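K.L.:
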Amino acid sequence: MEHQSIKNIFTEKPLEKSVLIKGWLRTARHSKGLSFLEVNDGSCFSGLQVIADAKLENYEQEVTKLLTGSAVSVKGTVVESPGKGQSIEIQAAEIEVVGQAPADYPLQKKRHSFEFLRTIAHLRPRTNTIGAIFRVRNAASKAIHGFFQEKGFFYLHTPIITASDCEGAGEMFRVSCLDAKNPPLTKEGKVDYTKDFFGREAYLTVSGQLEAEIAAMALSNVYTFGPTFRAENSNTSRHLAEFWMVEPEMAFCDINGDMDLAEEFLKYVFKSCLKDCPDDFEFFNSRIDNTILETMAHIIEAPFERISYTDAVDILVKSGQKFEFPVTWGCDLQSEHERFLTELHFKKPVMVTDYPKTIKAFYMYLNDDDKTVRGLDVLVPKVGEIIGGAQREHRLDVLQKRFIECNLNEKDYWWYTDLRRYGSVPHAGFGLGFERIIQFMSGVGNIREAIPFPRVPGYADF
Ligand code: 4AD
Ligand code: MG
-13 MEHQSIKNIF TEKPLEKSVL IKGWLRTARH SKGLSFLEVN DGSCFSGLQV
37 IADAKLENYE QEVTKLLTGS AVSVKGTVVE SPGKGQSIEI QAAEIEVVGQ
87 APADYPLQKK RHSFEFLRTI AHLRPRTNTI GAIFRVRNAA SKAIHGFFQE
137 KGFFYLHTPI ITASDCEGAG EMFRVSCLDA KNPPLTKEGK VDYTKDFFGR
187 EAYLTVSGQL EAEIAAMALS NVYTFGPTFR AENSNTSRHL AEFWMVEPEM
237 AFCDINGDMD LAEEFLKYVF KSCLKDCPDD FEFFNSRIDN TILETMAHII
287 EAPFERISYT DAVDILVKSG QKFEFPVTWG CDLQSEHERF LTELHFKKPV
337 MVTDYPKTIK AFYMYLNDDD KTVRGLDVLV PKVGEIIGGA QREHRLDVLQ
387 KRFIECNLNE KDYWWYTDLR RYGSVPHAGF GLGFERIIQF MSGVGNIREA
437 IPFPRVPGYA DF
């Protein structure tokens, strides 16, 4: 007999039929010739209750000794459950102990802090929260590909090792095979990277955007979905050193088309995840943040707010709120400002555009005022910035001026500049922080719970 997933059994409810399941014990209670085992195989949120009694030949010897965390294989009959909390259960006919877990199994039935669970990242997928987050990550990935594939976007694989700093912020991890203790030196006494693996300096990518722009200039609509890396030393609840980013790029598109896509995209992903993982969301809503279902329903329904940076600053200045970082035109919006706008002022996602050019990257389209660029940030309650994007500067002369203003060497971006020489067209795109959307949907306070193995300053275990 082949074993079935517990999800399958809950969906099909094969009453009075014999089934085989395999999984790990969330709990094991043994009393007077009767045992109650909760088996979870991760296929869905709930575990299935298994009732075992002394009729099993290994009952005294093995079953009564089973502890939380053990792996079992159970053959039995599906019956309606008299107990509350579950609709069906299994009356065991055979239980095989596949892998014992002794009494020191770290995940005993009690609430563990997320901080503690991070130290056992090899076991935390077996907890309710992290298991649910893994499933929602999967559902969101599927939704992302579904959305773009339905719209005819091509999935593009951009390089992970690169020589160009997309954001121009110098937050890249170096990739080098040189002997750190004794590197080859130039005449000037600097490290000689021409002797390194790639014959030049190389880094881990911070964004696939620049390469996505190349592809958009040929295939029109593309998207990337891959890992990105930032060596920024921010030890916050919203930053990771390694995170996944979704980056669509569209040719013949301006900032308005970019906003339309971002809004449609987020709504699609939320809707699709809610449909695929209802039990996981019930759990998030009841145990992590009781506003999640309501907030997501509202986001799916209501149109997003669209305002300029200048108007956003105006609202913040006039709000009378005391912010830790006071707001003036020209400053970057801090998380407290973003949260004020989405949580208190508009009470919905806000798309902010036309930022001062001094606080944004070189590639953003310069407005006629020569002061602002067509950048786009999408802000959501609690998490703040979830998407960052822009209409790109497609005019050769303006781009060349921007390189100078941003202290960048045009030569390093020769191919990017070339695209502006040969059939340049207006184009736009954005990057969605995948873990930020997972953090948002699950309600966890720290982004380190939104990725299986977080990498942050001072930590890269597992
Ligand atoms: O705003 P960012 O830096 O934009 C870009 O990288 C553009 N090149 C994207 C594009 O236009 N194709 O990053 C995009 C998003 C942010 O809005 C945020 O959600 C997420 O990536 N992000 C991070 N997520 C986790 N940890 C970090 N350190 C992050 N930095 C950015
Ligand atoms: Mg940004």
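-13 is the number of the first residue of the sequence shown in this note's numbering; add one for each residue after it.
Here a beta-carbon is modelled for each residue, glycine too, at the ideal position from N, C-alpha and C.
Nothing here was measured: the structure is a model prediction, and the numbers come from that model.
1) Which residue from His98, Asp151 and Ala118 puts its Cα closest to that of Ala347?
2) For the beta strand (DSSP E) holding Pro213, just list the boundary residues, first then last.
3) Would you identify the three-state DSSP class for Val83, choosing helix, strand or coil?
4) How would you write the range of the beta strand (DSSP E) that Arg325 sits in, first residue to last?
5) Note down, in chain order, each residue of its chain lying with its Cβ closer than 8 Å to the Cβ of Ala376, except the 5 sequence neighbours on either side.
6) What's the call for Ser21, buried or exposed, on a 16-neighbour Cβ count within 10 Å?
7) CB of Gly374 to nearest heavy atom of the ligand MG: below 6 Å?
8) Considering only C-alpha positions, which residue in the set Gly212, Leu205 and Met158 is nearest to Glu187?
9) Report yes if the C-beta of Leu226 is less than 6 Å from at least one heavy atom of the ligand 4AD; otherwise report no.
10) Count the CB pairs spanning the stretch 69 to 79 and the stretch 99 to 111 that are closer than 8 Å, and state whether there are at least three.
11) Would you kindly work out how many angstroms separate the C-alpha atoms of Leu465 and Pro289, rounded to a whole number?
12) Quick one, which of Ile116, Arg388, Lys368 and Pro170 has its alpha-carbon nearest Lys334's?
13) Under 6 Å Cβ to Cβ from Leu6, same chain only, skipping five residues before and after it: list those, please.
14) Cβ atoms of Phe439 and Phe426: under 7 Å apart, would you say?
15) Exposed or buried, which one is Cys259 when buried takes at least 16 other CB atoms within 10 Å?
16) Measuring from the CB of Glu157, is there a heavy atom of the ligand 4AD at a distance below 6 Å?
17) Run through the stretch -10 to 61 for me and flag every whole alpha helix (DSSP H) of 4 or more residues, listed as ranges in chain order.
18) Return the chain-ordered list of same chain residues with a C-beta closer than 7 Å to the C-beta of Gly429, the five sequence neighbours on each side being excluded.
19) Should Trp400 go down as buried or exposed, given a rule of 16 or more other Cβ atoms within 10 Å for buried?
20) Please determine if the stretch 172 to 183 and the stretch 201 to 220 are in contact, where contact requires at least 3 C-beta pairs separated by less than 8 Å.
21) With C-beta atoms as the reference, is Cys30 less than 7 Å away from Val122?
22) Hey, would you say the C-beta of Gly417 is under 6 Å away from at least one heavy atom of the ligand 4AD?
23) Answer yes or no: the CB of Glu287 versus the heavy atoms of the ligand 4AD, is any distance below 6 Å?
P.N.:
In brief:
1) The residue you call residue 347 lines up with position 361 of the sequence shown. Nearest C-alpha to Ala347: Asp151.
2) Numbered from its first residue, the sequence shown carries residue 213 at position 227. Going by DSSP, Pro213 is part of the beta strand (DSSP E) stretching over Asn207 to Phe215.
3) If you number the sequence shown from 1, residue 83 lands on position 97. Looking at Val83 - three-state DSSP - the assignment turns out to be strand.
4) For the purposes of this step, residue 325 is identified with residue 339 of the sequence shown, where counting begins at 1. Unbroken run through Arg325 is the alpha helix (DSSP H), Ser321 to Arg325; no beta strand (DSSP E).
5) Stepping through the sequence shown from its first residue, residue 376 is reached at position 390. Closer than 8 Å at the Cβ level, and outside the excluded window around Ala376, lie Ile241, Asp244, Lys346, Ala347, Tyr349, Met350, Tyr351, Val359, Arg360, Gly361, Leu362, Ala414, Gly415 and Phe416.
6) Position 35 of the sequence shown, counting from 1, holds the residue named residue 21. When all chains shown are included, Ser21 counts as buried.
7) As a first step, residue 374 is located in the sequence shown; it is residue number 388 there, counting from the start. Taking 6 Å as the cut-off, the C-beta of Gly374 counts as close to a heavy atom of the ligand MG.
8) Locating residue 187 in the sequence shown gives position 201, where the first residue counts as 1. Of the listed residues, the one whose Cα sits closest to Glu187 is Met158.
9) Within the sequence shown, the letter at position 240 stands for residue 226. Leu226: yes, Cβ under 6 Å from the ligand 4AD.
10) For the pair of segments examined, the stretch 69 to 79 was found not to touch the stretch 99 to 111: the number of CB pairs separated by less than 8 Å stays below three.
11) In the structure as shown, the chain starts at -13 and stops at 448, and residue 465 therefore has no counterpart that could be examined.
12) As a first step, residue 334 must be located in the sequence shown, where it is residue number 348. It is Lys368 whose Cα lies nearest to the Cα of Lys334.
13) Sequence index remark: in the sequence shown, residue 6 carries index 20 (1-based). Excluding residues within five positions, the ones whose Cβ falls inside 6 Å are Met(-13), His(-11) and Lys61.
14) Position 440 of the sequence shown, counting from 1, holds the residue named residue 426. Position 453 of the sequence shown, counting from 1, holds the residue named residue 439. No; because the gap between Cβ atoms is not below 7 Å, this pair is not in contact.
15) One-based indexing of the sequence shown puts residue 259 at position 273. In the assembly as shown, Cys259 is a buried residue. Its beta-carbon has 16 or more other beta-carbons within 10 Å.
16) By one-based count along the sequence shown, residue 157 stands at place 171. Checking the Cβ of Glu157 against the ligand 4AD gives no.
17) The qualifying runs are -8 to -2.
18) Stepping through the sequence shown from its first residue, residue 429 is reached at position 443. Result list for Gly429: Phe270, Ile274, Asp275 and Ile278, in chain order.
19) Position 414 of the sequence shown, counted from the start, is the residue given in the question as residue 400. In the assembly as shown, Trp400 is an exposed residue. Its beta-carbon has fewer than 16 other beta-carbons within 10 Å.
20) Too few Cβ pairs lie closer than 8 Å, so no.
21) Your numbering for residue 30 matches position 44 in the sequence shown. Your numbering for residue 122 matches position 136 in the sequence shown. Not a contact, by the Cβ cut-off of 7 Å.
22) If you number the sequence shown from 1, residue 417 lands on position 431. Result yes, Cβ under 6 Å from the ligand 4AD.
23) As a first step, residue 287 must be located in the sequence shown, where it is residue number 301. Glu287: no, Cβ never under 6 Å from the ligand 4AD.
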